[in-house]
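Going by the working numbering, 1485 is the number at position 355 of the sequence shown; the sequence numbering is gapless. Ideal Cβ positions, reconstructed from N, Cα and C, are used throughout, including at glycine. Nothing here was measured: the structure is a model prediction, and the numbers come from that model. Have a look at the structure below before the remarks.
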Amino acid sequence: MIDPKGLSLATIDDRWHEENPPPGQPECDCGTGQVGTKAHGQRPNSRFRVQYRDLTGKQRRPGFPTLARAKKKLKEVIADLEHKTYVDPDLSKKRVSAYLVEWLPRKCPDEGTQQQMETRMRLHVAPTLGAYEFRVLENRPDLVQEWNLDLQEEVSPDYARVIYGHAFSMFEDATAAGHMKKNPFRSRLVKAPRRKDSEVVVWPLSWVDGVREALPDIYRTMVDVGTGLGLRQGEIFGLSPDDVDERRGLVHVRRQVKIVRSKLVFALPKGRKVRTVPLALSVARKLKAHLLSRPARRVTLPWQEYGKPMEKWQTLTVSLIFTSRESKPLNRNYFNNLWKDALRKVGIPVIRANMMHSMRHFFASVLLEAGVTIKALADYLGHADVGFLLKTYCHLMPASHERMTKAVDHLFSMVDGLDQATGAADAPPDGLLSGLSPEPPVTTVPRAPRSECDPRLTPALP
């Protein structure tokens, strides 16, 4: 029997009886009227063999106890080969834990990220799902959901989503590689952990000033950089005077200091994308004052080269604005302890939401209040997903309901000649529709004035 695409020759072989026996051979004693083979009566569970070649050309001969089951298998094999959904029986028997060891280096060549993923998968996936073969989990999505529910009880909702995403991705790749026909994570029984909806809480200015004063003096300007430029912690650690363009009023975010395998290294910013942030004059003065009191220190670290083993990374020497008292690059574990001490001194709860990332949220709130667009803010923060950024910060954007209704009322009052009747209280906010003329009526709203962070409005430094 040949499948429609001509991919394989598939037949059913009865091991107990000759298909074309020579004339004159005696019939077997099973009463079927057929001639028996030497294997007659042996291994009854594999009497009927389905013989075919898989997509790689390898000969396959699984056995079955009944003809009905063999025919069912034959039909499935032909359909799978035709539609390219064939699953290698040897691969389907592989345990998830064994595949994880092979999958991780291929999935994530970045050694730093790979280390984080390995830790999460080793602690939360390998002990449970890792014990099963793929062929078992393919048909038991309930086991995946059971693991999923246990995971959500063990860790926070956001962390559960991260681990779930890693596991989902691994099973997707295993399915594409032929270990399974379908990913059990895609079953309707399996419900991904929900994101915990919590609005970003922006610090009051008193908290920002308090933490700044509570930090050691050599680190206080880091608060100014975080709130005035919106840089991430590692990007502040990696900031150099060479990145500051005083004449044009710009800061080039080119690197970060991060930890890979317990060692400090230089690396590209998150997402492997450099960016440029406008430099306000006030922030520039803070940086100048800091460098006058504590000049930049030259630091040499390995430069992370994605896709290469850490042993082959080249070193890079950079003058850093912020270093430790010993003129060494800052380690996030060391600095986070200093930050927690500052929080305690000010009386701020020592929780993850109040760590240094709060400075970026403060920066975002200032820009949004000033009318900077969400797209420009995404560029300044180095966010690729504008939609996610909008969802994160939309509650911080200035309320527009009242401005909108006043603008419409003012428009129609001018069109209808009712300026006097509406009164001064109905006048629109300053700058809104200010250039409107009754003849002819114009229905477009001028763009909002540029933010003070716009580099074109930032005066050159003396």
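Hey, out of the options, whose CA is closest to residue i's CA?
i        : options                                : result
Arg-1405 : Val-1374, Val-1390, Ile-1389           : Val-1374
Met-1300 : Gln-1363, Ser-1227, Ala-1414           : Ser-1227
Lys-1311 : Pro-1287, Asn-1269, Val-1332, Ala-1322 : Asn-1269
Arg-1191 : Pro-1219, Asn-1467, His-1487           : Pro-1219
Lys-1201 : Asn-1484, Ala-1410, Lys-1400, Tyr-1182 : Tyr-1182
Asp-1144 : Thr-1167, Leu-1421, Pro-1425, Ala-1514 : Thr-1167
Pro-1371 : Asp-1339, Leu-1422, Trp-1333           : Leu-1422
Val-1332 : Met-1486, Ala-1198, Glu-1284           : Met-1486
Arg-1199 : Val-1180, Lys-1224, Val-1480, Thr-1215 : Val-1180
Ser-1457 : Ile-1478, Arg-1424, Val-1476           : Arg-1424
Ala-1414 : Arg-1462, Ile-1142, Leu-1359, Arg-1427 : Leu-1359
Go through its chain and collect everything with a Cβ distance to residue i's Cβ below 6 Å, but skip five positions before and after it.
i        : result
Arg-1385 : Gly-1368, Phe-1396
Lys-1442 : none
Ala-1472 : Val-1341, Ala-1344, Leu-1345
Leu-1446 : Phe-1396, Trp-1433
Using DSSP's beta-bridge definition, name the partner residues of residue i.
i        : result
Tyr-1182 : Arg-1190
Lys-1393 : Val-1390
Asp-1143 : Arg-1179
Arg-1225 : Glu-1263
Pro-1408 : Leu-1380
Asp-1375 : Leu-1380
Note down the Cα distance separating residue i from residue j, rounded to an integer number of angstroms.
i        : j        : result
Ala-1297 : Lys-1393 : 27 Å
Lys-1521 : Val-1330 : 10 Å
Leu-1335 : Ala-1419 : 21 Å
Phe-1492 : Leu-1450 : 24 Å
Ala-1500 : Val-1476 : 28 Å
Gly-1171 : Cys-1160 : 9 Å
Asp-1210 : Ala-1256 : 30 Å
Arg-1350 : Leu-1411 : 18 Å
Asn-1278 : Glu-1435 : 35 Å
Can you find the residues in the same chain that come closer than 8 Å, C-beta to C-beta, to residue i, ignoring five residues on each side of it along the sequence?
i        : result
Tyr-1464 : Ser-1454
By the 10 Å Cβ neighbour count, where 16 or more other Cβ atoms means buried, how is residue i classified, buried or exposed?
i        : result
Leu-1267 : buried
Thr-1357 : buried
Arg-1318 : exposed
Pro-1558 : Interpretation of Pro-1558 is limited by its pLDDT of 44, a score under 50 that renders its predicted location unreliable; the figure taken from the coordinates is listed afterwards. Answer is buried; the Cβ neighbour count reaches 16.
Asn-1313 : buried
Asp-1354 : buried
Asp-1272 : exposed
Asn-1467 : exposed
Met-1288 : Reading the sequence as shown, one finds Asp at residue 1288 and not Met. Its Cβ having fewer than 16 others within 10 Å, Asp-1288 is exposed.
Leu-1230 : buried
Pro-1153 : exposed
Ser-1495 : buried
Pro-1399 : buried
Thr-1249 : exposed
In chain order, what residues of the same chain lie with their CB nearer than 7 Å to the CB of residue i, ignoring the 5 residues before and after it?
i        : result
Val-1516 : Ile-1504, Lys-1505, Ala-1508
Pro-1174 : Pro-1195
Arg-1474 : Val-1480
Comparing the C-beta of residue i with each C-beta of chain D, is any distance below 9 Å?
i        : result
Glu-1329 : Included in the structure is just one protein chain, with no chain D present.
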